[in-house]
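A.B. asks: Residue 649 in my numbering is what sits at position 649 of the first sequence, and the numbering runs on without skipping anything.
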Amino acid sequence: MDMNKIEKKWQDQWAKTHLNEFDKRSDAPKLYVLEMFSYPSGAKLHIGHWYNYGPTDSYARFKRMQGYNVFQPMGFDAFGLPAENYAIKTGVHPKDSTEKNIATMEGQLQAMGAMFDWSAEVKTCGEDYYKWTQWMFLQLYKKGLAYRKEAPVNWCPSCQTVLANEQVVENRCERCGSEVVRKNLTQWFFKITEYAEELLTGLDKLDWPEKTKNMQRNWIGKSTGCEIEFDAESGDKIKVFTTRCDTVFGVTYIVLAPEHSLALKLTTPEQEEAVRAYIDYASKANEIERLSSTREKTGVFTGSYAVNPLNGKRVPIYLADYVLASYGTGAVMAVPAHDERDFAFATKYHLPIEKVIEKKGGETELPFTEDGIVSGSVEFDGLFGEEARDAIAAKVSKLGKGGKKVNYRLRDWLVSRQRYWGAPIPVIHCEKCGAVPVPEKDLPVRLPYDVEFRPDGKSPLAKHEKFMNTVCPVCGGAAKRDPDTLDTFVCSSWYYLRYADAHNEKLPFDREAVDRLLPVDTYVGGAEHACMHLLYARFFTKALRDMGYLDFDEPFKRLVHQGVILGPDGNRMSKSHGNVVSPDEYVKEYGADAFRLYLMFGFSYTEGGPWSDDGIKAIARFMDRVEKIALKVRDYKLPRGEEPFGQEEKALNYARNFAISRMNKDLEAFSFNTAIARLMELVNAIYKYDGLEKKNIALLKDTVRDLILLMAPCAPHFAEELWHLLGGKYSVFEERYPKEDPAALVLDEKEYAVQVNSKIVCKAMIASSAGNEEIEARALSLPEVQEKTAGKTVKKCIVVPGRLVNLIVG
RNA sequence: GCGGAUAUGGCGGAAUUGGCAGACGCGUUGGACUUAGAAUCCAAUGGGCAACCGUGCAGGUUCAAGUCCUGUUAUCCGCACCA
């Protein structure tokens with residue numbers, strides 16, 4: 001077969017007959033199968049795309065043949081930094097390069113033969129899309145879920161620009177090499193923390209990989225503890241958060257993060273110089289370096305003291321950057337005896353260490369950080385762990401100095417980007433009225449084309465006079481637009497909703513259309529999105545639900561991560577490694593179907609692994625064998641009379657039904673490699689049967705027919721062609737996927753492994769109907785068994801029906 | 001440091017969840033067809049001459065362990081001073 005020609009032929013035919021589109025009139029149960037959309041950075045599809053989309057398409061086609069009304073859309077996550085960096089390097093405008101890349105990729109995605117519903121295509125950089133991304137921002141703003149605050153960012157003083165974390169290499173600017181500093185800038189945030197608890201508990205009912213759910217759990221990082229207020233002698237109140245309030249009598253000092261709002265206020269004149277120097281020092285360390293636990297602890301004394309509300313003790317107040325401003329209250333009570341970090345700090349700065357917890361039944365070695373028996377804490381002495389924490393928290397609350405409190409590690413989502421190639425933030429800044437949202441009727445806020453995006457210190461849009469200057473929608477006075485754009489993760493947080501109603505000009509999506517298709521039944525994509533995209537999308541869904549636009553809680557019911565195909569050398573494919581394998585040459589030589597089959601067969605889908613093309617020829621041979629036998633059997637004439645149905649026919653029928661049964665299970669489970677293996681076994685069985693002198697032609701024809709149907713989801717063009725050649729009605733995908741006949745899977749007799757004292761002695765065919773005693777008797781009668789059991793008595797006999805019999809003798 | 005995953009022939013990978021380890025395929029070897037090769041087809045293929053030994057390593061539970069338990073090593077991934 002000339003696969004390239006055949007593929008084109010059927011692709012055209014499928015498009016012409018709208019075979020790939022979701023059937024809006026059908027009343028078959030819907031099934032929304034979604035692959036994470038592509039980012040059009042390179043011009044071509046790489047192996048990763050094929051690996052993500054090919055096998056998943058086979059799953060979608062399989063479900064379609066099972067009778068589901070399948071919706072499988074595709075689109076492009078088209079905004080983003082790479083296109084902008086490419087523009088800075090080459091001068092090609094991001095819009096131009098992106099559109100060109102999209103056009104190429106569309107062609108390639110079509111050539112793959114996946115049944116993408118192109119009528120629902122979405123491109124996030126299109127005005128008709130980002131208009132609604134901006135609309136989303138406005139709804140979140142209205143709901144109080146979008147707000148502005150000052151936050152630290154990575155700032156390169158030489159380029160005069162904010163850098164993304166990925167652009168900071170060893171605390172230096174990736175581009176110019178200058179040292180990056182932390183700087184506070186006013187930025188827009190989404191209040192994802194408002195949903196922390198639901199994002200956490202919602203995970204339990206999702207059919208997602210456990211690993212991914214755990215990553216999200218850790219990311220959200222719920223921790224239950226106690227907030228306690230310490231009074232500073234200046235009159236200020238310092239709130240600290242602790243999970244170990246049972247150690248509160250062991251507090252020997254207080255630590256504030258260097259960015260804490262009280263840091264300078266609490267500093268005494270004698271300490272001022274040292275404190276300012278320290279704050280400056282801490283601001284230079286970037287976040288990643290700060291968080292390194294191997295880093296030696298540093299800090300400075302403020303000169304002030306605070307009072308422990310439980311024992312009235314006066315303790316010094318320090319600043320240290322091992323305390324994070326962004327977590328809890330940005331201040332901690334230090335208990336060096338029972339916390340490793342405090343212990344290290346106290347040791348270095350010669351601060352007192354007071355033991356207030358004793359190890360149960362053993363020597364207490366400091367720092368002792370496990371639960372233990374409280375001591376030196378007056379009325380709480382003798383209490384243990386949780387019991388002690390409950391009692392002390394109750395006391396704290398009685399004193400009016402705090403109480404139990406839950407904290408999350410999750411932080412609000414910073415969505416402002418000082419970049420060009422993204423959706424402009426729909427906000428106008430007015431001197432009189434402040435930050436004013438753009439009225440919905442004025443959307444979209446268009447991203448201008450003629451912008452100087454080369455970095456020279458300001459947000460690219462800030463230099464565009466025409467864009468920036470506008471009027472305040474409230475007072476009508478002169479005002480400026482927000483010069484920032486939205487993080488591209490905002491665009492991808494709702495695209496799966498837009499697919500359902502991709503061309504709606506009045507709304508982001510029609511409620512009815514979304515109710516019809518959502519949630520996504522099966523979502524397939526890389527594991528690298530575990531804590532970003534997948535969390536943000538869940539947040540959007542919940543927020544939209546609470547605003548009344550949706551009525552489900554979770555966007556993705558089932559989630560599957562494909563593995564990663566590495567370079568032949570075992571490293572991640574990258575230009576710098578020089579190990580990039582392009583799918584194109586293989587597709588050209590063997591065809592899309594062969595390439596897809598090989599990707600399915602050669603790897604465990606969720607594991608991936610190093611690329612090797614060792615087996616691709618075998619796939620071509622396999623397809624060849626299928627074609628040959630199919631055409632050969634097609635030309636057999638059906639005899640008039642009755643056809644034989646003996647042992648050989650039973651065996652073939654068993655192989656056929658076994659393959660059917662396993663294909664159904666394996667495809668459902670994304671176990672593509674074993675599914676293809678089952679097809680190969682069936683082909684082998686057909687060949688074997690065909691080699692017989694006398695054969696049942698009708699059975700053989702039926703079996704070949706089933707083989708083509710079974711294969712159709714995995715090799716769609718190839719199967720469609722064979723189906724056509726065998727006189728089948730267009731399209732093979734309108735046929736039902738075969739279902740096994742359970743009767744054909746019941747064998748008259750089964751092969752048993754016969755063991756004596758748990759060692760295999762021989763094998764024996766035993767009737768399926770035999771009872772345990774019969775099986776035991778049969779086993780004992782075997783000569784190999786008699787040899788081993790001669791002169792011994794059988795103490796026990798274990799029978800595993802249909803598999804094994806084990807005689808214990810002694 | 002914490003958390004998770006993985007470890008099976010020369011290779012990619014299977015194993016009805018505790019029941020014949022190595023399905024399927026690659027590779028290799030032998031054979032057939034061919035002037036020859038390619039392609040194709042047939043056969044063999046975990047190791048060992050054998051008794052036997054074999055699922056990273058050391059123990060354990062069990063009639064029976066790749067699978068369960070304890071410990072350990074290596075690799076990969078995620079988080080990383082979260083009080």
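For every residue, glycine included, the Cβ atom is placed at its ideal position computed from N, Cα and C. Since this is a predicted model, take the numbers as computed values, not measurements.
Write down the C-beta distance between Leu559 and Tyr523 rounded to the nearest angstrom, noting that I regard them as a contact closer than 8 angstroms.
C.D. replies: Along the first sequence, one-based indexing puts residue 559 at 559. Along the first sequence, one-based indexing puts residue 523 at 523. Their Cβ separation, rounded to whole angstroms, is 5 angstroms, which keeps Leu559 and Tyr523 in contact under 8 angstroms.
A.B. asks: How about Phe556 and Ser58: are their beta carbons less than 8 angstroms apart?
C.D. replies: In the first sequence, the residue the question calls residue 556 occupies position 556. In the first sequence, the residue the question calls residue 58 occupies position 58. Against a cut-off of 8 angstroms, the Cβ pair of Ser58 and Phe556 comes out as no contact.
A.B. asks: Tell me where the beta strand (DSSP E) around Asn69 begins and ends.
C.D. replies: Translated into positions along the first sequence, residue 69 becomes position 69. Unbroken beta strand (DSSP E) run through Asn69: 69 to 71.
A.B. asks: With a threshold of 8 angstroms, are at least 3 pairs of Cβ atoms found where one atom belongs to the region 4 to 22 and the other to the region 705 to 722?
C.D. replies: yes
A.B. asks: Within this structure, are the beta carbons of Cys430 and Val474 separated by less than 8 angstroms?
C.D. replies: By one-based count along the first sequence, residue 430 stands at place 430. By one-based count along the first sequence, residue 474 stands at place 474. Yes, they are a contact pair.
A.B. asks: Is the CB-CB distance between Leu351 and Pro336 below 8 angstroms?
C.D. replies: The sequence position of residue 351 within the first sequence is 351, counting from 1. The sequence position of residue 336 within the first sequence is 336, counting from 1. Against a cut-off of 8 angstroms, the Cβ pair of Pro336 and Leu351 comes out as a contact.
A.B. asks: Grouping DSSP H, G and I as helix and E and B as strand, with all else coil, what is Ser397?
C.D. replies: Position 397 of the first sequence holds residue 397. Three-state result, Ser397: helix.
A.B. asks: Quick check: what's the CA-CA separation for Gln562 versus Gly48?
C.D. replies: Taking the first sequence and counting its residues from 1, the one referred to as residue 562 is at position 562. Taking the first sequence and counting its residues from 1, the one referred to as residue 48 is at position 48. The alpha-carbon atoms of Gln562 and Gly48 are separated by roughly 9 angstroms.
A.B. asks: So Val683 and Leu707 are supposed to be a Cβ contact under 8 angstroms. How far apart are they, rounded?
C.D. replies: As a working note, residue 683 is residue 683 in the first sequence. As a working note, residue 707 is residue 707 in the first sequence. Confirmed, Cβ separation roughly 7 angstroms.
A.B. asks: Which residue spans inside the region 629 to 714 form an unbroken alpha helix (DSSP H) run of at least 4?
C.D. replies: 647 to 668, 672 to 690, 697 to 711
A.B. asks: Could you please give the first and the last residue of the uninterrupted beta strand (DSSP E) stretch that includes Pro610?
C.D. replies: Position 610 of the first sequence, counted from the first residue, corresponds to residue 610. In the DSSP annotation of this structure, the continuous segment of the beta strand (DSSP E) that includes Pro610 starts and ends at 608 to 610.
A.B. asks: Can you tell me whether Lys360 is buried or exposed, with buried defined as 16 or more other CB within 10 angstroms of its CB?
C.D. replies: Residue 360 sits at position 360 when you count from the first residue of the first sequence. Lys360 should be labelled exposed.
A.B. asks: As a quick exercise: from Pro568, Ser97, Leu266, pick the residue whose alpha carbon is nearest that of Cys125.
C.D. replies: For the purposes of this step, residue 125 is taken as the residue at position 125 of the first sequence. With distances taken between Cα atoms, Cys125 lies closest to Ser97.
A.B. asks: At what residues does the beta strand (DSSP E) containing Asn52 begin and finish?
C.D. replies: Numbered from 1 along the first sequence, position 52 holds the residue referred to as residue 52. For Asn52, there is no enclosing beta strand (DSSP E); the residue is found in the alpha helix (DSSP H) stretching over 47 to 65.
A.B. asks: Specify whether the region 595 to 605 and the region 534 to 553 touch according to this definition: at least 3 beta carbon pairs, one from each stretch, less than 8 angstroms apart.
C.D. replies: no
A.B. asks: Note down, in chain order, each residue of its chain lying with its Cβ closer than 7 angstroms to the Cβ of Ile288, except the 5 sequence neighbours on either side.
C.D. replies: The sequence position of residue 288 within the first sequence is 288, counting from 1. Interpretation of Ile288 is limited by its pLDDT of 39, a score under 50 that renders its predicted location unreliable; the figure taken from the coordinates is listed afterwards. Contacts found: none.
A.B. asks: Within the chosen definition, does the region 129 to 149 reach the region 189 to 202 through at least 3 CB pairs nearer than 8 angstroms?
C.D. replies: Inter-segment contact for the region 129 to 149 and the region 189 to 202 is present: three or more beta-carbon pairs are separated by less than 8 angstroms.
A.B. asks: Classify Gln755 as helix, strand or coil using the three-state DSSP reduction.
C.D. replies: Taking the first sequence and counting its residues from 1, one reaches residue 755 at position 755. In the displayed model, Gln755 falls within a strand according to three-state DSSP.
A.B. asks: Rank Ala435, Pro258, Val307, Gln271 by C-alpha distance to the C-alpha of His233 and give the top, closest one.
C.D. replies: Along the first sequence, read from residue 1 onward, the residue named residue 233 stands at position 233. Rather than His, the amino acid found at residue 233 in this sequence is Glu. Selected option, being the one with the closest Cα: Val307.
A.B. asks: Could you check if Phe453 is buried or exposed, using at least 16 other CB atoms within 10 Å of its CB as the buried criterion?
C.D. replies: The sequence position of residue 453 within the first sequence is 453, counting from 1. By the beta-carbon neighbour count (other beta carbons within 10 angstroms, threshold 16), Phe453 is buried.
A.B. asks: May I ask you to verify whether the region 615 to 624 touches the region 729 to 745, counting CB pairs closer than 8 angstroms and requiring at least 3?
C.D. replies: no
A.B. asks: Using only the heavy atoms of the ligand ATP, determine whether one of them is closer than 7 angstroms to the beta carbon of Met333.
C.D. replies: As presented, the structure is devoid of all ligands, the ligand ATP included, so that no description of it is given.
A.B. asks: Cutting at 8 angstroms between CB atoms, please list the residues of its own chain near Arg516, excluding the five before and the five after it.
C.D. replies: Position 516 of the first sequence, counted from the start, is the residue given in the question as residue 516. Answer for Arg516: Lys30, Ala500, listed in chain order.
A.B. asks: CA-CA distance, Arg244 and Arg481?
C.D. replies: In the first sequence, the residue the question calls residue 244 occupies position 244. In the first sequence, the residue the question calls residue 481 occupies position 481. Each residue's alpha carbon lies about 48 angstroms from the other.
A.B. asks: To the nearest angstrom, report how far apart Asp635 and Lys701 are at their CA atoms.
C.D. replies: As a working note, residue 635 is residue 635 in the first sequence. As a working note, residue 701 is residue 701 in the first sequence. Those two C-alpha atoms are separated by around 10 angstroms.
A.B. asks: Taking DSSP as the reference, what is the three-state secondary structure of Gly434?
C.D. replies: Counting from 1 along the first sequence, the entry for residue 434 is found at position 434. In the structure shown, Gly434 sits in a strand (DSSP, three-state: E or B).
A.B. asks: Scan the region 715 to 750 and note each continuous beta strand (DSSP E) run of 3 residues or more that stays entirely inside, going in chain order.
C.D. replies: none
A.B. asks: Return helix, strand or coil for Ala43, following the three-state DSSP convention.
C.D. replies: As a first step, residue 43 is located in the first sequence; it is residue number 43 there, counting from the start. In the structure shown, Ala43 sits in coil (DSSP, three-state: anything other than H, G, I, E or B).
A.B. asks: Grouping DSSP H, G and I as helix and E and B as strand, with all else coil, what is Asp246?
C.D. replies: Stepping through the first sequence from its first residue, residue 246 is reached at position 246. Correct three-state label for Asp246: helix.
A.B. asks: Excluding five sequence neighbours on each side, which residues of the same chain lie with their C-beta closer than 7 angstroms to the C-beta of Ile392?
C.D. replies: On the first sequence, residue 392 is found 392 positions in, with the first residue counted as 1. Answer for Ile392: Cys245, Asp246, Val248, Phe380, listed in chain order.
A.B. asks: Taking Cβ positions, are Leu203 and Lys213 nearer each other than 8 angstroms?
C.D. replies: Here residue 203 is taken as the residue at index 203 of the first sequence, counted from 1. Here residue 213 is taken as the residue at index 213 of the first sequence, counted from 1. Cβ distance < 8 angstroms, so Leu203 and Lys213 count as in contact.
A.B. asks: So what does DSSP say about Ser97, is it helix, strand or coil?
C.D. replies: Counted from its first residue, the first sequence places residue 97 at position 97. DSSP places Ser97 in helix when its eight states are reduced to three.
A.B. asks: Provide the residue span of the alpha helix (DSSP H) that contains Tyr141, from first to last.
C.D. replies: As a working mapping, residue 141 is identified with position 141 in the first sequence. 127 to 142 is the extent of the alpha helix (DSSP H) around Tyr141.
A.B. asks: Is Lys265 near Asp236, with beta carbons less than 8 angstroms apart?
C.D. replies: Position 265 of the first sequence, counting from 1, holds the residue named residue 265. Position 236 of the first sequence, counting from 1, holds the residue named residue 236. In this structure, the beta-carbon distance from Lys265 to Asp236 falls below 8 angstroms.
A.B. asks: Between Cys472 and Cys433, how many whole angstroms is the CB-CB distance? I'm expecting something under 8 angstroms.
C.D. replies: Locating residue 472 in the first sequence gives position 472, where the first residue counts as 1. Locating residue 433 in the first sequence gives position 433, where the first residue counts as 1. Indeed, because the Cβ distance is near 6 angstroms, the residues count as touching under 8 angstroms.
A.B. asks: Below 8 angstroms, how does it come out for the region 353 to 367 and the region 272 to 284: are there three or more Cβ pairs, yes or no?
C.D. replies: no
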